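Trainee: Take full-length UniProt numbering: the last position of the sequence shown gets the number 291, and nothing is skipped along the way. For each residue, glycine too, the CB sits at the ideal point set by N, CA and C. Note that this is a predicted model, so its numbers are computed, not measured. Let me give you the structure first, and then I'll get to my questions.
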Amino acid sequence: MRIDLMAGASLSAAALHVASEPTILVFDSGLGGLTVLDAVRRARPDARYVYVGDDAAFPYGRLGEPALVARVLTVMERLVATHRPDLVVIACNTASTLVLPALRQRFTTPFVGVVPPIKPAAEATRSRLVSLLATPGTVVRSYTRDLIATYAGSCTVSLVGSQNLAGYAEAELAGAPVDDAALAAEIAPCFTTEPDGRRTDVVCLACTHYPLLLPRLEALAPWPVTWIDPAPAIARRVVQLIGPLPRDAGRHGTATGAFTAGTCLNASLRTALAARGIGEVGIEAIPLPMQ
């Protein structure tokens, strides 16, 4: 049975009642969820936001599936009890495709996940050559293959599992960007040319970290393509569940950040977070048990 990543738990949108200034928790393994946070804040700037990066366990791809499910449930127990969010966005493809059923079974809080943007890619392509740029874990998920079969059956979809791009995005925000050659090598497999002259014209960014690098990826691409970021679709789903910005919304909501280890929090990263409106950043220490 397909997991509805975009759903809001078992509640219908009509049944979901939230505060006039809702609390929205955005969760990721690291910094990639900041791209989703930006999109959701543009849609509901009045809400109170809590951004949590589980950097003690980053990257999630190194965890086995049972360990990842157990880890996210453990962390979410603490976060839901502490922050009492009206809605949680799991801004991580790896966690969304594995952990959402367990989260929805454990909590009554609505959860929205991240979908690899195969459907909009299939609608946007003209050459019928699409690349899915993701983590190795997302590339091998049956959910990803199911999306391709359902929505992109008439396309040739290249699955590109990048070992390093999420880490490069983290380094970028921490003030230690990698050189152009390293980035170009990661995206090179996305660009294919067929004997009839058709070329890849759409690249799906199926990891929330990757849009952090989008200006550089655009500059390094061997030819122009459409890059599809899933964040706007997540923002639309959040608004469907909690409602649009009220007409009488009088102020911008607050945004705070927390990390489960905090080892990434250098001066450059704090500056980058502040530029995104996250001035208060703390540590909610939740160590990763020895595997």
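My output table needs one value for Arg200: the three-state DSSP class, helix, strand or coil.
Mentor: Here the sequence assigns Thr to residue 200, which means Arg is not the residue at that position. Here Thr200 sits in coil by DSSP.
Trainee: Quick check on Ile286: does DSSP put it in helix, strand or coil?
Mentor: coil
Trainee: Compute the distance between the beta-carbons of Gly282 and Ala255, then report whether it is under 8 Å.
Mentor: Using a Cβ distance threshold of 8 Å, Gly282 and Ala255 do not count as a contacting pair.
Trainee: Suppose you measure from the CA of Leu214 to the CA of Val225; what does that come to, to the nearest Å?
Mentor: For Leu214 and Val225, the distance between alpha carbons rounds to 12 Å.
Trainee: Can you tell which of Thr109, Gln105, Asn93 has the C-alpha that lies nearest to the C-alpha of Leu79?
Mentor: Per the Cα distances, Thr109.
Trainee: Where does the unbroken alpha helix (DSSP H) through Ala182 begin, and where does it stop?
Mentor: Element bounds for Ala182: 180–187.
Trainee: Near Arg198, which residues of its chain fall below 8 Å by C-beta distance, leaving aside the five closest residues on each side in sequence?
Mentor: Ser127, Arg128, Leu129
Trainee: Over the uninterrupted beta strand (DSSP E) stretch that includes Ser96, give me the two end residues.
Mentor: Unbroken run through Ser96 is the alpha helix (DSSP H), 93–106; no beta strand (DSSP E).
Trainee: Can at least three beta-carbon pairs, one atom from the region 55–68 and one from the region 115–125, be found at a separation below 8 Å?
Mentor: no
Trainee: According to DSSP, is Ile90 part of a helix, a strand, or is it coil?
Mentor: strand
Trainee: For residue 302, which residues from the same chain have a beta carbon less than 8 Å from its beta carbon, with the 5 sequence-adjacent residues on both sides left out?
Mentor: The question about residue 302 has no answer here: the residues shown for the chain are numbered 1 through 291.
Trainee: To the nearest angstrom, report how far apart Gly137 and Gly161 are at their CA atoms.
Mentor: 8 Å
Trainee: For Leu205, tell me which candidate among Arg106, Asp229, Leu220 has the shortest Cα-Cα distance.
Mentor: Asp229
Trainee: Quick one: what's Asp28 bridged to in DSSP?
Mentor: Partner(s): Gly53.
Trainee: Where Ala124 and Asp201 are concerned, what is the direct C-alpha to C-alpha distance, given to the nearest angstrom?
Mentor: 9 Å
Trainee: Expressed to the nearest angstrom, what Euclidean distance is found between the alpha-carbon atoms of Gly61 and Thr135?
Mentor: 7 Å
Trainee: Return the CA-CA distance between Leu273 and Pro45, expressed in angstroms with no decimal places.
Mentor: 16 Å
Trainee: Among residues of its own chain, excluding the 5 on either side of Ala15, which ones have a beta-carbon nearer than 7 Å to its beta-carbon?
Mentor: The pLDDT assigned to Ala15 is 43, lower than 50, so where the model puts this residue is not dependable, and the model offers no usable value.
Trainee: Could you name the residues of the same chain whose beta carbon sits closer than 7 Å to that of Ser154, not counting the 5 residues immediately before and after it, in chain order?
Mentor: Arg128
Trainee: Taking Leu245 as the reference, which of Ala39, Glu218, Ala47 has the closest Cα?
Mentor: For Leu245, the nearest C-alpha among the options comes from Ala47.
Trainee: State the beta-bridge partners of Leu205 as determined by DSSP.
Mentor: Leu205 pairs with Leu133.
Trainee: Do the CB positions of Val89 and Val203 come within less than 8 Å of each other?
Mentor: no
Trainee: Can you tell me whether Arg247 is buried or exposed, with buried defined as 16 or more other CB within 10 angstroms of its CB?
Mentor: exposed
Trainee: Roughly how many angstroms lie between the CA atoms of residue 296 and Thr193, to the nearest whole one?
Mentor: Any property of residue 296 remains undetermined from this structure, which presents the chain solely from 1 to 291.
Trainee: Ignoring anything shorter than 4 residues or poking outside the region 227–257, list the alpha helix (DSSP H) runs there in chain order.
Mentor: 231–242
Trainee: For Arg106, which option in Ala285, Thr271, Gly113, Thr74 has the closest C-alpha, if you only look at C-alpha atoms?
Mentor: Residue Thr74 is the option with its Cα nearest to Arg106.
Trainee: Please check the pair Tyr49 and Gly253, which I expect to be a contact at CB under 8 Å, by giving their CB distance rounded to whole angstroms.
Mentor: 6 Å
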